[in-house]
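Let me begin by presenting the structure, written as structure tokens, before commenting on it.
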Amino acid sequence: MKAKLDFGLNVVSAGDGPYLSVVIPVHNEEPNIPALHEDLLATLDRLGLSFEILYVDDGSTDAGLKELRRIAQADPRTMVIQLRRNFGQTAAISAGIDHASGEVVVCLDADMQNDPADIPRLLARLEEGYDLVSGWRVDRKDHWLRRRMVSHVANWIISRVTDLKLHDFGCTLKAYRRELLQHVRLYGQMHRFIPALALNVGAAVAEVPVNHRPRLHGKSKYGLERTFSVILDLLTLKFLGYLYSSPVRIFGGSGLTLIGLSFVSGLAMLFQKFLYNVSFIQTPLLLLSALLFILGFQCVLMGITAELLVRTYHESQGKPTYVVREVFRTDR
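Have a look at this one:
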């Protein structure tokens, strides 16, 4: 299917499935659902593209699920995925992506603060050749200290740890090429790190300023307490990034460093003994040298064990250690 977008781009959808899948995690957003769906349809219908809307009910306790079912009954392009309990936003987004069938997947929040009218801008940038386009809430309508200041610091830290320069990792409004998401697995609060995970597999990432609207109904599910989980997930992301490629370099390098320090400590101990006649039992260097050697040897063994586990993971499941973007071949 070939369609003309209102921003002047041609896109081709292969097969009978929709071109665009819109994934929306929902948790206790009953007052916002009708207006959100109306805004979505107003934007998506203007695009002239085949699309589907996937609402993921993440264990809501209000009447939002009833409203979502009513919408799905009236609109065959809408799907409702009900999770058995509240698993969190990352799990809800992951469930929506797993059930999506479009070539392009767009995610946004259900609280009406993300503007569906920005979706064409994301798609336009995506058609320039990018694999992922992230929204940037330039003028955020949130509390300055609890949300904006914390977010600014978190974005600064994430940018430097992941080597990906984005202004707003926390913005849910993002557009992805579907083939990219096949190489990304989400855990914890990892949805905000999808651009960094995508960068690890060679994706081209762009950022687009988007509108951010004040919340009119309900209350935010985010607070300062999530900062600690984000930091832990960031450390996990950075560690696994190295561990996934060659774990023996991390543990083995640390182990050899510790063993080297143990020899330095031993030489210092011998230096004190023969030059100043300091007894071995009078200096802590003997204990320090032995401790460093044992810790270093254990690190080397952990590196070898981790290397075996990583190789077993790849070989037992037939997983390659590379990601192919495209294959060119001339028919003979």
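In terms of my numbering, the sequence shown opens at residue 1 and continues consecutively.
Glycine included, every Cβ here is placed at the ideal spot set by N, Cα and C.
Quantities reported herein were computed from a predicted structural model and do not represent experimental measurements.
#1: Count the other CB atoms within 10 Å of the CB of R249; is the residue buried (16 or more) or exposed (fewer)?
#2: Taking C-beta to C-beta, are M302 and F271 nearer than 7 angstroms?
#3: Using alpha carbons as the reference points, say which of L173, A268, P214 lies closest to A206.
#4: With distances taken between CB atoms, is the gap from V133 to K238 smaller than 7 angstroms?
#5: Just list the residues that DSSP pairs R137 with in beta bridges.
#6: CA-CA distance, M149 and I194?
#7: Measure the CB-CB distance between T90 and H152 and report whether it falls below 7 angstroms.
#8: Looking at D111 and R215, is the spacing between their C-beta atoms short of 7 angstroms?
#9: Closer than 7 angstroms by C-beta to R77: which residues in its own chain qualify, once you throw out the five before and the five after it? Chain order, please.
#10: Let me know if F280 comes out buried or exposed under the rule of 16 or more other beta-carbons within 10 Å of its beta-carbon.
#11: For H212 versus Q113, is the C-beta distance shorter than 7 angstroms?
#12: Enumerate in chain order the residues of its own chain whose CB-to-CB distance from S289 is below 6 angstroms, with the five nearest sequence positions on each side excluded.
#13: Within a Cβ cutoff of 7 angstroms, which residues of the same chain sit near K367, ignoring the five residues on either side of it in sequence?
#14: Per the DSSP calculation, F51 is bridged to which residue(s)?
#15: Tell me, which residues are paired with P25 by DSSP?
#16: What is the residue span of the beta strand (DSSP E) that Q82 lies within?
#17: If you measure between the beta carbons of L258 and L295, is that distance less than 7 angstroms?
#18: From which residue to which residue does the beta strand (DSSP E) around R350 run?
#19: Where do the ends of the beta strand (DSSP E) carrying V105 lie?
#20: Check S316 in the structure and name its three-state DSSP category.
#21: Determine, using beta-carbon pairs with one atom in the segment 27 to 34 and one in the segment 63 to 78, whether at least three such pairs fall under 8 angstroms.
#22: Does the beta-carbon distance from A95 to V56 come in below 7 angstroms?
Based on what the coordinates show:
#1: Position 249 of the sequence shown holds residue 249. Flag for R249 reads exposed.
#2: Reading the sequence shown from its first residue, position 302 is the one you call residue 302. Reading the sequence shown from its first residue, position 271 is the one you call residue 271. It is not a contact, given that the beta carbons lie outside the stated cut-off.
#3: Looking up residue 206 in the sequence shown gives position 206. Comparing Cα-Cα distances from A206 to each of L173, A268, P214, the minimum goes to L173.
#4: Walking along the sequence shown from the start, residue 133 turns up at place 133. Walking along the sequence shown from the start, residue 238 turns up at place 238. Annotated as distal: V133 and K238, with beta-carbon spacing of 7 angstroms or more.
#5: Taking the sequence shown and counting its residues from 1, the one referred to as residue 137 is at position 137. Per DSSP, the beta bridge partners of R137 are V210.
#6: Position 149 of the sequence shown holds residue 149. Position 194 of the sequence shown holds residue 194. Answer to the nearest angstrom: the Cα atoms are 22 angstroms apart.
#7: Residue numbering aside, residue 90 sits at position 90 when the sequence shown is read from its first letter. Residue numbering aside, residue 152 sits at position 152 when the sequence shown is read from its first letter. Between T90 and H152, the C-beta spacing is not below 7 angstroms.
#8: Your numbering for residue 215 matches position 215 in the sequence shown. Your numbering for residue 111 matches position 111 in the sequence shown. Cβ distance < 7 angstroms, so R215 and D111 count as in contact.
#9: Residue 77 sits at position 77 when you count from the first residue of the sequence shown. Hits under 7 angstroms: F51, E52, I53.
#10: Here the question's residue 280 lines up with position 280 in the sequence shown. By the 10 Å Cβ count, F280 comes out exposed.
#11: The count along the sequence shown starts at 1 and reaches residue 212 at position 212. The count along the sequence shown starts at 1 and reaches residue 113 at position 113. The criterion of a C-beta distance shorter than 7 angstroms is satisfied by H212 and Q113.
#12: On the sequence shown, position 289 is the one that residue 289 refers to. Taken in chain order, the residues that qualify are S262, S265, G266.
#13: Absent from the structure is residue 367, since the part of the chain shown begins at 1 and ends at 332.
#14: For this step, residue 51 is matched to residue 51 along the sequence shown. Note: F51 sits in a beta bridge opposite L20.
#15: Your numbering for residue 25 matches position 25 in the sequence shown. Assignment of beta-bridge partners to P25 by DSSP yields V56.
#16: Indexing the sequence shown from 1 puts residue 82 at position 82. From DSSP, the beta strand (DSSP E) with Q82 extends over 78 to 82.
#17: For the purposes of this step, residue 258 is taken as the residue at position 258 of the sequence shown. For the purposes of this step, residue 295 is taken as the residue at position 295 of the sequence shown. With a cutoff of 7 angstroms on beta-carbon distance, L258 and L295 are scored as near each other.
#18: Because the chain here runs from 1 to 332, residue 350 falls outside it and cannot be looked at.
#19: Mapped onto the sequence shown, residue 105 falls at position 105. Boundaries of the beta strand (DSSP E) around V105: 104 to 107.
#20: Counting from 1 along the sequence shown, the entry for residue 316 is found at position 316. Note: S316 maps to helix in three-state DSSP.
#21: In the pairwise beta carbon analysis, the segment 27 to 34 is classified as touching the segment 63 to 78: at least three pairs are separated by under 8 angstroms.
#22: In the sequence shown, the residue the question calls residue 95 occupies position 95. In the sequence shown, the residue the question calls residue 56 occupies position 56. In this structure, A95 sits near V56, with a CB-CB distance shorter than 7 angstroms.
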